[in-house]
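Participant: This structure is in structure tokens; I'll ask about it shortly.
Chains as they are written, first to last, in the numbering used here: chain A, 3 to 377; chain B, 5 to 217.
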């Protein structure tokens with residue numbers, strides 16, 4: 003557990019951190035985010051005393067960091083910075099083992115750690131251990147940067163915009179790896195970024211800072227739904243609508259309106275004719291007042307229908323229906339779980355509004371992504 | 005032909021002078037290294053003082069060699085000792101400046117990383133800063149050595165021995181053979197030092213920093 007207690011930091015007359023108090027639980031992935039100059043990096047660096055808060059202090063598992071030897075403290079806390087933090091004069095192996103060596107681990111122990119960690123990120127020991135950072139790609143370098151922070155198994159790891167300089171694809175895969183490693187090894191990670199995507203993806207808790215204050219400390223979901231200020235809203239950018247969170251999509255947005263209907267008084271033969279003419283295998287059956295009754299499938303007619311008889315007794319009333327203002331997710335759940343290939347959408351007055359099929363769903367999705375589709 | 009004869013006839017004496025000359029260079033650059041590297045490191049820890057110290061060192065460097073030798077002669081008399089003193093002073097600046105800038109120019113991110121993972125100040129210096137600054141420092145030594153080879157010829161004037169003796173004798177007696185007997189070996193010596201230290205520089209550059217690592 004990391005506890006900030008009234009942490010303040012001033013440079014001259016400028017206050018960088020205003021009386022911060024908050025708690026990070028053990029095993030939590032906390033992301034500090036905010037506009038540049040908001041104090042997020044300063045906050046991070048007070049944890050391993052690269053910056054000394056004054057007044058105020060930080061406790062790690064109840065121990066005041068300012069009362070500990072700074073060097074020893076730092077050896078117990080993993081630290082990852084942007085990619086150039088690997089020492090260029092040391093091999094991958096030496097870089098990973100820097101901290102264990104400072105802590106006087108044996109050579110065998112170091113060796114074991116290096117092999118174990120390289121395996122964790124799928125970089126074979128034989129191929130990589132003796133390379134120099136300059137021989138690695140940016141993504142590989144930062145993987146090693148992360149491994150170096152893990153080497154002496156510190157319970158807490160600080161990461162200062164570690165993936166800022168990487169291309170988007172590499173960044174994605176590293177984010178996944180870090181999240182996976184964090185869960186697997188149950189580390190407490192404090193992570194600084196200015197990228198909201200990254201924060202939403204990684205964080206258990208996001209701490210949004212602005213001007214040296216904490217504006218909001220919340221889970222990603224909570225922050226998306228109830229951003230505490232306009233700055234946060236702007237930061238969410240594409241994740242938000244103008245007026246707040248995205249409204250749930252409605253069933254009607256996924257339906258096609260062109261539905262072939264028959265009255266319950268219709269005869270079997272004419273229904274079959276209609277189906278074959280339209281190349282479909284079922285119809286929606288409506289009552290005389292146009293309200294929905296059920297559906298009629300070609301299989302039912304074949305199995306039980308008699309020529310010249312009314313279709314009334316063949317109506318299947320078990321077909322799934324949804325209201326047009328219902329949540330689209332319910333409609334899609336029903337569509338996917340039912341045996342029929344469609345869900346009927348009803349108006350409030352129980353007349354038929356349309357049907358949702360897999361094709362209409364795909365079309366609606368496509369249009370949402372790429373605008374109108376011709377087909 | 006005449007020159008070659010002169011050289012062969014005097015080879016023994018020329019070798020002795022060459023030996024003295026090399027000794028002068030090695031000792032004075034050695035003293036320079038011993039003073040300049042620790043001082044350079046110290047200055048990186050006191051950047052305000054660094055500006056003054058480097059300015060003073062730069063000024064000393066602009067005093068003509070003959071003037072300095074003159075002072076040394078007045079203060080310390082004739083012989084090897086005053087010459088060594090002057091040459092050592094001259095050898096300091098290139099090494100000092102390169103040590104200082106070499107360490108200062110190590111990227112802050114390396115220092116931050118080193119400090120952040122829990123290195124002590126001296127560990128940061130010896131494990132990160134010095135290895136990364138080493139190529140620059142050696143290049144300072146190289147510049148110094150080449151300078152000192154040529155300036156050591158001046159030291160012959162105050163009786164330090166070395167190849168300078170031949171040049172001064174030649175100049176005093178208008179004898180080109182003598183002048184060349186001092187000038188040619190010292191020119192070759194300068195090249196040799198430069199090449200040798202260049203090689204050393206390549207060898208000690210951390211492998212990860214070599215261009216085609």
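Just so it is clear, CB atoms sit at the ideal spot from N, CA and C, and this is done for glycine as well. Predicted model only: the values in this text are computed from it and were never measured.
(1) At a CB-CB cut-off below 9 Å, which residues of chain B make contact with residue 83 of chain A?
(2) Measure from the C-beta of residue 213 of chain B to each C-beta in chain A and report whether the shortest distance is under 8 Å.
(3) I need the straight-line Cα distance from residue 124 of chain A to residue 198 of chain A, nearest angstrom please.
(4) So what's residue 12 of chain A in DSSP terms, helix, strand or just coil?
(5) Check each candidate in B/26, B/17, B/40 and B/64 and name the one with the smallest Cα separation from residue 144 of chain B.
(6) Does the separation of the CB atoms of residue 73 of chain B and residue 90 of chain B fall below 8 Å?
(7) Going along the chain, which residues of its own chain have a beta-carbon closer than 7 Å to the beta-carbon of residue 61 of chain B, five neighbours each way excluded?
(8) Quick one: is residue 199 of chain B buried, meaning 16 or more other Cβ sit within 10 Å of its Cβ, or exposed?
(9) How about residue 154 of chain A and residue 90 of chain A: are their beta carbons less than 8 Å apart?
(10) If we call anything under 8 Å between Cβ atoms a contact, is residue 257 of chain A one with residue 355 of chain A?
(11) Would you kindly work out how many angstroms separate the C-alpha atoms of residue 179 of chain B and residue 193 of chain B, rounded to a whole number?
(12) Which residues in the same chain have their Cβ closer than 8 Å to the Cβ of residue 263 of chain A, if we skip the five residues on either side of it in sequence?
(13) Does residue 92 of chain A have its Cβ less than 8 Å from a Cβ in chain B?
(14) How many Å lie between residue 313 of chain A and residue 277 of chain A at the Cα?
(15) Return the CA-CA distance between residue 217 of chain B and residue 35 of chain A, expressed in angstroms with no decimal places.
(16) Assuming contact is defined by CB atoms lying nearer than 8 Å, are residue 106 of chain A and residue 61 of chain A in contact in what I supplied?
(17) I'd like to check one pair, residue 75 of chain A with residue 67 of chain A: are the Cβ atoms closer than 8 Å?
(18) Are the CB atoms of residue 11 of chain A and residue 4 of chain A within a distance shorter than 8 Å?
(19) If you draw a straight line from the C-alpha of residue 84 of chain A to the C-alpha of residue 212 of chain A, how long is it?
(20) From residue 80 of chain B to residue 88 of chain B, what does the alpha carbon distance come to, in whole angstroms?
(21) Any idea what DSSP makes of residue 59 of chain B, helix, strand or coil?
(22) Which partner residues does residue 295 of chain A have in the DSSP bridge list?
(23) Please classify residue 126 of chain A as buried or exposed, where buried requires at least 16 other C-beta atoms within 10 Å of its C-beta.
(24) Can you check whether the CB of residue 196 of chain A is closer than 8 Å to the CB of residue 38 of chain A?
(25) Using 10 angstroms around the beta-carbon of residue 197 of chain B, count the other beta-carbons present and answer buried if the total reaches 16, otherwise exposed.
(26) Within 10 angstroms of its Cβ, does residue 246 of chain A collect 16 or more other Cβ (buried), or is it exposed?
(27) Throw me the rounded Cβ distance for the residue 149 of chain B and residue 183 of chain B pair, which I believe falls under 8 Å.
(28) I'd like to know whether the C-beta of residue 116 of chain A is nearer than 8 Å to at least one C-beta of chain B.
Facilitator: In this structure, then:
(1) 113, 116, 117 and 120
(2) yes
(3) 28 Å
(4) strand
(5) B/40
(6) yes
(7) 96, 97 and 100
(8) exposed
(9) no
(10) yes
(11) Spanning the alpha carbons of residue 179 of chain B and residue 193 of chain B requires a straight line of approximately 22 Å.
(12) 285, 286, 287, 288 and 354
(13) yes
(14) 14 Å
(15) Interpretation of residue 217 of chain B is limited by its pLDDT of 36, a score under 50 that renders its predicted location unreliable; no figure is taken from the coordinates.
(16) no
(17) yes
(18) In this structure, residue 4 of chain A sits away from residue 11 of chain A, with a CB-CB distance that is not shorter than 8 Å.
(19) 22 Å
(20) Here the C-alpha atom of residue 80 of chain B lies approximately 11 Å from the C-alpha atom of residue 88 of chain B.
(21) helix
(22) Its beta-bridge partners do not exist; DSSP assigns none.
(23) exposed
(24) yes
(25) buried
(26) In this predicted model, residue 246 of chain A has a pLDDT of only 46, less than 50, meaning its place in the structure is not dependable enough to derive any value.
(27) Actually they are not in contact, since the Cβ atoms of residue 149 of chain B and residue 183 of chain B sit about 23 Å apart, beyond 8 Å.
(28) no
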